[in-house]
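Protein chains in written order, with my numbering: chain A, 487 to 604; chain B, 26 to 136. Step one of this worksheet: look at the structure below.
The structure is reproduced here in structure tokens:
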């Protein structure tokens, strides 16, 4: 069964330092997509970064990078140079299949609350 | 460019009542998905609408139903509300299989 596991309920990081948020996934599909979303206290889920299972390069978007280790089924989010505004809930999500065969639903983990200290 | 908008932002209903939540997708998006997020948990997929039809459904009872209009906006209806339906309801829109953009959600409290 498809499942996303985020084992860190909460994390602290000092401003300007880097932090890694862990995500492992379980799927029997060979083709899938992995996403990270940020959820501030306002409630909106903000898309951060995407990694396709067939992408050979790790995805990067500005200060966000995704450390994709396919054999270990992990997709950790790395935030460099943390800012106070990065304090929020972070969710890892998976969508099975890619392209024409993809499912439509996102499966989310339970999230990690990140607090950036000044 | 307006993003995904949801209304209302907060709602209090009594057990057994019915509720309708509304969602306008981001400009250029034709697909709308609904998610339920209980306190302290990740969102759970309810269903997705495309071309005014339900395309995929999650593990939710028939009390949860939806509709998509020709302008791509969507409604989520929940009948016979239970206390356990209290949650943040998130609407997400997308075009084809691109990444989903979410609204700020509707916080539903059932008393």
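Cβ atoms here follow ideal geometry from the backbone N, Cα and C, with glycine treated the same way.
Closest Cβ-Cβ distance between residue i and chain A: below 8 Å?
| i | result |
| --- | --- |
| residue 101 of chain B | no |
| residue 68 of chain B | yes |
| residue 120 of chain B | no |
| residue 53 of chain B | no |
| residue 129 of chain B | yes |
| residue 125 of chain B | yes |
| residue 64 of chain B | no |
| residue 36 of chain B | no |
| residue 113 of chain B | yes |
| residue 58 of chain B | yes |
Among the options, which residue has its Cα nearest to the Cα of residue i?
| i | options | result |
| --- | --- | --- |
| residue 548 of chain A | A/525, A/508, A/539 and A/568 | A/568 |
| residue 506 of chain A | A/563, A/602, A/491 and A/517 | A/563 |
| residue 27 of chain B | B/77, B/41, B/52 and B/65 | B/52 |
| residue 93 of chain B | B/35, B/34 and B/46 | B/46 |
| residue 42 of chain B | B/88, B/132 and B/128 | B/88 |
| residue 98 of chain B | B/126, B/36, B/115 and B/74 | B/74 |
| residue 491 of chain A | A/595, A/602 and A/604 | A/595 |
| residue 120 of chain B | B/103, B/57, B/114 and B/79 | B/57 |
| residue 113 of chain B | B/66, B/96, B/95 and B/100 | B/66 |
| residue 95 of chain B | B/33, B/49 and B/128 | B/49 |
What's the C-alpha gap between residue i and residue j?
| i | j | result |
| --- | --- | --- |
| residue 545 of chain A | residue 519 of chain A | 12 Å |
| residue 55 of chain B | residue 591 of chain A | 15 Å |
| residue 441 of chain A | residue 494 of chain A | In the structure as shown, chain A begins at 487 and stops at 604. Residue 441 of chain A is therefore absent and cannot be evaluated. |
| residue 81 of chain B | residue 72 of chain B | 6 Å |
| residue 108 of chain B | residue 135 of chain B | 5 Å |
| residue 125 of chain B | residue 580 of chain A | 12 Å |
| residue 29 of chain B | residue 509 of chain A | 27 Å |
| residue 79 of chain B | residue 131 of chain B | 21 Å |
| residue 540 of chain A | residue 517 of chain A | 7 Å |
| residue 524 of chain A | residue 39 of chain B | 32 Å |
| residue 553 of chain A | residue 514 of chain A | 20 Å |
Quick one: does residue i have its CB under 8 Å from some CB of chain B?
| i | result |
| --- | --- |
| residue 591 of chain A | yes |
| residue 596 of chain A | yes |
If you run the structure through DSSP and keep just helix, strand and coil, what is residue i?
| i | result |
| --- | --- |
| residue 538 of chain A | strand |
| residue 107 of chain B | coil |
| residue 563 of chain A | strand |
| residue 512 of chain A | strand |
| residue 570 of chain A | helix |
| residue 29 of chain B | coil |
| residue 505 of chain A | strand |
| residue 97 of chain B | coil |
| residue 576 of chain A | strand |
| residue 603 of chain A | strand |
| residue 556 of chain A | coil |
| residue 92 of chain B | strand |
| residue 65 of chain B | coil |
| residue 596 of chain A | coil |
| residue 529 of chain A | coil |
| residue 102 of chain B | strand |
Going along the chain, which residues of the region 520-544 of chain A sit with their C-beta nearer than 8 Å to a C-beta in chain B?
-> 521, 523, 528, 529, 530, 531, 532, 533 and 536
When you check each C-beta in the region 553-578 of chain A against every C-beta of chain B, which residues fall closer than 7 Å?
-> Look at the region 553-578 of chain A: the residues with a C-beta under 7 Å from a C-beta of chain B are 577.
Where the region 73-107 of chain B meets chain A: residues whose CB sits under 7 Å from a CB there = 73, 80, 81 and 83
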